[in-house]
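S.K.: Here numbering that gives the first Met the number 0 is used: the first residue of the sequence shown is 0, the next is one more, and so on. Glycine included, every Cβ here is placed at the ideal spot set by N, Cα and C.
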Amino acid sequence: MLDLLLSAAATPSPAVPTPTTPPPGTGMDFFSIIMWPFKWFVEAILVAWHWLFTSIGLDPSAGLTWVLAIIGLVVVVRSALIPLFVRQIKSQRKMMEIAPELRKVQEKYKGKKDQLSREAMSRETMALYQKHGTTPVSSCLPLLVQMPILLGMFYTLSDVKKHAEWGVGGVGLLSSELTKQFYDAQLFGVAPLHTSLMDAINYKPAGWEATVTILVILVVLMIASQFITQLQIISKNLSPEAKTGQAYQMQRIMLWILPLGFIFSGVFFPLGVVLYWFTSNIWTMVQQFIVIRNMPTPGSEAAKAREERLARKGKALDSSGKIVPMEKYQAEQKRLYEEAQKAKAEAPKRQQPVSKQRAKKQAQKNRSSTQPPSAPGSGTDSPTS
Numbered sequence: 000m001l002d003l004l005l006s007a008a009a010t011p012s013p014a015v016p017t018p019t020t021p022p023p024g025t026g027m028d029f030f031s032i033i034m035w036p037f038k039w040f041v042e043a044i045l046v047a048w049h050w051l052f053t054s055i056g057l058d059p060s061a062g063l064t065w066v067l068a069i070i071g072l073v074v075v076v077r078s079a080l081i082p083l084f085v086r087q088i089k090s091q092r093k094m095m096e097i098a099p100e101l102r103k104v105q106e107k108y109k110g111k112k113d114q115l116s117r118e119a120m121s122r123e124t125m126a127l128y129q130k131h132g133t134t135p136v137s138s139c140l141p142l143l144v145q146m147p148i149l150l151g152m153f154y155t156l157s158d159v160k161k162h163a164e165w166g167v168g169g170v171g172l173l174s175s176e177l178t179k180q181f182y183d184a185q186l187f188g189v190a191p192l193h194t195s196l197m198d199a200i201n202y203k204p205a206g207w208e209a210t211v212t213i214l215v216i217l218v219v220l221m222i223a224s225q226f227i228t229q230l231q232i233i234s235k236n237l238s239p240e241a242k243t244g245q246a247y248q249m250q251r252i253m254l255w256i257l258p259l260g261f262i263f264s265g266v267f268f269p270l271g272v273v274l275y276w277f278t279s280n281i282w283t284m285v286q287q288f289i290v291i292r293n294m295p296t297p298g299s300e301a302a303k304a305r306e307e308r309l310a311r312k313g314k315a316l317d318s319s320g321k322i323v324p325m326e327k328y329q330a331e332q333k334r335l336y337e338e339a340q341k342a343k344a345e346a347p348k349r350q351q352p353v354s355k356q357r358a359k360k361q362a363q364k365n366r367s368s369t370q371p372p373s374a375p376g377s378g379t380d381s382p383t384s
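(1) Note down, in chain order, each residue of its chain lying with its Cβ closer than 8 Å to the Cβ of residue 232, except the 5 sequence neighbours on either side.
(2) Would you mind sorting residue 42 into buried or exposed? The rule is 16 or more other CB atoms within 10 Å of its CB.
(3) State yes or no: is the C-beta of residue 228 within less than 8 Å of the C-beta of residue 280?
(4) Quick check on the DSSP output: what are the complete alpha helix (DSSP H) runs of length 4 or more inside the stretch 54-116, in order along the chain?
(5) Do residue 37 and residue 150 count as a contact pair if the criterion is CB distance below 8 Å?
(6) CB residue 49 to CB residue 35, shorter than 8 Å?
(7) Beta-carbon separation of residue 45 and residue 72 under 8 Å?
(8) Out of 178, 303, 85, 123, which has the shortest C-alpha to C-alpha gap to residue 60?
(9) Within the same chain, show all residues whose beta-carbon is closer than 8 Å to that of residue 5, passing over the 5 residues directly before and after it, in chain order.
(10) Taking the alpha-carbon positions, what's the residue 110 to residue 120 distance?
(11) Under the three-state reduction of DSSP, which class applies to residue 167: helix, strand or coil?
(12) On the DSSP letters alone, give me the boundaries of the alpha helix (DSSP H) that residue 235 sits inside.
(13) What is the DSSP secondary structure of residue 36, reduced to helix, strand or coil?
(14) Distance, Cα to Cα, residue 13 vs residue 192?
(15) Count Cβ pairs between the stretch 327-346 and the stretch 262-277 that sit closer than 8 Å; are there 3 or more?
(16) What whole-angstrom Cβ distance do residue 169 and residue 158 have, given they're in contact under 8 Å?
(17) Near residue 305, what residues of its chain come up, given a Cβ to Cβ distance below 6 Å and the 5 sequence neighbours on each side ignored?
(18) Roughly how far, in whole angstroms, is the beta-carbon of residue 272 from the beta-carbon of residue 187, given that I think they are within contact range, below 8 Å?
(19) Let me know if residue 190 comes out buried or exposed under the rule of 16 or more other beta-carbons within 10 Å of its beta-carbon.
(20) Quick test of your reading: residue 207 and residue 18, contact by CB under 8 Å. State the CB separation rounded to the nearest angstrom.
(21) Tell me residue 143's beta-bridge partners as DSSP assigns them.
The following block contains the structure:
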């Protein structure tokens with residue numbers, strides 16, 4: 000690996016007369032060293048898919064071949080990240096569910112700035128997290144794990160143009176020959192995969208109008224898929240209590256901010272990166288739809304829709320969350336109702352509070368009712384003659 004890094008530090012000779020990009024490999028900074036294994040991993044998957052499609056007869060330099068390789072790259076990486084995705088969904092759901100309880104803790108110590116109050120608030124908050132088995136970090140951790148791989152994909156696809164113009168390959172299996180084939184690949188025979196929307200507008204290569212049209216359509220689709228993916232969560236998979244918390248308000252804000260961010264970034268993304276991002280969004284949208292449909296948040300619209308679907312099939316969810324026949328569900332509900340009624344009957348009855356004057360009168364009445372009757376002829380209680 001050290002030899003590869005040292006060889007990358009040498010300045011290569013340009014493969015085209017007037018390259019439009021700075022020479023690659025003029026130095027290895029700390030970020031490049033950190034990203035090296037992730038880029039190598041991405042290149043290996045991309046080259047493997049390209050080899051598979053060329054072995055069945057596709058043109059190595061055809062746009063279709065490299066587009067399918069990019070889609071294959073998304074499939075492999077996102078499949079490996081499915082467990083992290085499910086964990087992230089569960090963590091986000093738990094954070095939404097405990098939002099009302101967190102708000103009560105915050106209101107309890109609102110305006111209290113002393114050290115003891117802050118420590119007590121921190122203890123109660125952590126106890127709440129432990130009770131529900133989640134923390135704010137747990138919902139962010141899967142995203143943090145994905146980021147190096149996503150960045151490796153982005154930089155691998157973005158560096159194709161620079162590497163092809165200077166006649167070099169990537170950091171691993173993406174050789175200079177494969178890089179040149181990727182550079183020559185065109186979607187629909189008109190849109191180069193290495194060209195961004197800004198490059199097409201500024202340099203105006205042959206057929207740039209078609210390239211701009213394709214890129215604009217793909218950027219719009221990329222933004223729309225991101226919006227729909229976020230909308231799935233806040234519209235169908237949140238309980239009414241979660242929709243009153245601060246986390247829900249942040250979700251609504253991000254619903255509009257993220258698409259706006261992709262408008263600006265999509266202008267500078269190469270076509271290959273836009274295709275990757277759009278395919279990844281489609282994967283996320285479908286994957287999230289399956290999770291929400293089969294593992295909805297209790298009390299949410301998705302949970303009610305699932306219960307209705309099960310009821311139409313003569314099934315329901317028991318107290319443990321398992322799907323059971325309707326007869327078994329009704330028997331369980333009857334048993335739980337009877338147990339609740341029995342516990343209610345056996346519980347000590349709560350006495351209503353009474354005033355001191357009323358309590359004194361009640362005590363006098365009890366004493367008079369328990370006083371034995373007087374003996375005949377012993378006092379005023381005896382009849383007169």
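M.R.: According to the structure data:
(1) 91, 250, 287, 291
(2) buried
(3) yes
(4) 62-79, 81-96, 98-107
(5) yes
(6) no
(7) yes
(8) 178
(9) Note that residue 5 has pLDDT 45, beneath the 50 cutoff, so the model's placement of it is unreliable and the number below is only indicative. Excluding positions up to five away in sequence, the list is empty.
(10) 12 Å
(11) coil
(12) 207-235
(13) helix
(14) 20 Å
(15) no
(16) 7 Å
(17) 295
(18) Incorrect: roughly 17 Å between the Cβ atoms, too far for contact.
(19) buried
(20) At roughly 19 Å, the Cβ-Cβ gap does not stay under 8 Å, so residue 207 and residue 18 are not in contact.
(21) DSSP output for residue 143 lists no bridge partner at all.
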